[in-house]
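Participant:
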Amino acid sequence: GPKVLQIPSHQIIDMGQMVTLNCDPVSNHLYFYWYKQILGQQMEFLVNFYNGKVMEKSKLFKDQFSVERPDGSYFTLKIQPTALEDSAVYFCASSPGQGGTEVFFGKGTRLTVV
Amino acid sequence: GDSVTQTEGPVTVSESESLIINCTYSATSIAYPNLFWYVRYPGEGLQLLLKVITAGQKGSSRGFEATYNKETTSFHLQKASVQESDSAVYYCALGPQGTGSKLSFGKGAKLTVSP
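Chains as they are written, first to last, in our numbering: chain A, 1 to 114; chain B, 115 to 229.
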């Protein structure tokens, strides 16, 4: 079936540095999402993105976070600067839009901030 | 806010036994929430198992069933006879109607089916 790809599966970054998490969503999908899961807790919504703009963001989506999808390529989550509490697994997702509401998730990128 | 509370793992069941994973929800900002069960098999990404968008209706997939009960705000996942291949992590979730909407997830229940 359709796949959302996230590379790499694990990334280690020094606190204060910038990190960009990359996501290759399902082709022809129109809605894109990021979710965050801290170890032992539930997966929580960060942000959704449509037509080049953020539609909705949660309180977890701090000012240091930004998303973009330049020219229909990767959908990215940038954190600048990173903090220790940003350590988590970040899941990217996409959905088709009109005519389909199923959300497809990637396997996640484990971000470790040291 | 909106939230989901579910049986938390690990859940261990023998093959061919029945299974129930409990899920209750609170939808304070959504008038008519959609309810979902997602599953993550080992080494795979999260995928939709079943969804129900209308209260009182039942969804089913791969032998699993869940009924949207608005009175008890529950959406329990059941299967009459599990197989070893059902071993995975199961997540209950809710979201508003419409495309592009955010989902609220439970913590997940890790199911292990022993042969």
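Ideal placement from N, C-alpha and C gives every residue a C-beta, glycine not left out.
Which complete alpha helix (DSSP H) runs does the region 36-108 of chain A hold, if anything under 4 residues is left out?
Facilitator: Counting whole runs of 4 or more residues, the region 36-108 of chain A contains no alpha helix (DSSP H) stretch at all.
Participant: Does Lys224/B have its Cβ less than 9 Å from a Cβ in chain A?
Facilitator: So, not an interface residue.
Participant: Mind checking if Phe48/A is an interface residue toward chain B, Cβ cutoff 9 Å exclusive?
Facilitator: The residue you asked about is not Phe; residue 48/A is Asn in the sequence shown. Answer yes: the Cβ-Cβ gap between Asn48/A and chain B drops below 9 Å somewhere.
Participant: Could you tell me if Asp86/A is buried or exposed, where buried requires 16 or more neighbouring beta carbons within 10 angstroms of its beta carbon?
Facilitator: Flag for Asp86/A reads buried.
Participant: If the cut is a Cβ gap below 9 Å, which residues of chain A does Glu158/B touch?
Facilitator: Within chain A, the residues near Glu158/B are Lys107.
Participant: For Trp34/A, tell me which candidate among Pro8/A, Gly40/A, Cys23/A, Gln42/A has the shortest Cα-Cα distance.
Facilitator: Checked all of Pro8/A, Gly40/A, Cys23/A, Gln42/A; the closest Cα to Trp34/A is Cys23/A.
Participant: For Asn148/B, which option in Pro229/B, Ser218/B, Val227/B has the closest C-alpha, if you only look at C-alpha atoms?
Facilitator: Checking every option, the nearest Cα to that of Asn148/B belongs to Ser218/B.
Participant: Could you check where the beta strand (DSSP E) with Phe178/B kicks off and where it finishes?
Facilitator: That run of the beta strand (DSSP E) goes 178-181.
Participant: Looking at the structure shown, is Asp200/B part of a helix, part of a strand, or coil, going by DSSP?
Facilitator: Residue state, collapsed to three classes: helix.
Participant: Might you give, ordered along the chain, the residues of its own chain that have their beta carbon closer than 7 Å to the beta carbon of Glu122/B, omitting 5 neighbours on each side?
Facilitator: Excluding sequence neighbours, Glu122/B sits near Lys221, Ala223.
Participant: Distance check for Gln171/B and Glu56/A, CA to CA, integer angstroms please.
Facilitator: The alpha-carbon atoms of Glu56/A and Gln171/B are separated by roughly 29 Å.
Participant: Less than 9 Å separating the beta-carbons of Phe104/A and Pro2/A?
Facilitator: It is a contact, given that the beta carbons lie within the stated cut-off.
Participant: Could you check if Asn51/A is buried or exposed, using at least 16 other CB atoms within 10 Å of its CB as the buried criterion?
Facilitator: Looking at its Cβ environment, which holds fewer than 16 other Cβ atoms inside 10 Å, Asn51/A is exposed.
Participant: Taking Ser195/B as the reference, which of Val203/B, Ala141/B, Arg176/B has the closest Cα?
Facilitator: The shortest Cα separation from Ser195/B among Val203/B, Ala141/B, Arg176/B belongs to Arg176/B.
Participant: Under DSSP, the beta strand (DSSP E) around Asn148/B begins and ends at which residues?
Facilitator: Looking at the DSSP string, the run of the beta strand (DSSP E) that includes Asn148/B is 148-154.
Participant: In chain order, what residues of the same chain have a beta carbon less than 7 Å from the beta carbon of Arg154/B, not counting five sequence neighbours either side?
Facilitator: The residues are Leu160, Ala202, Val203.
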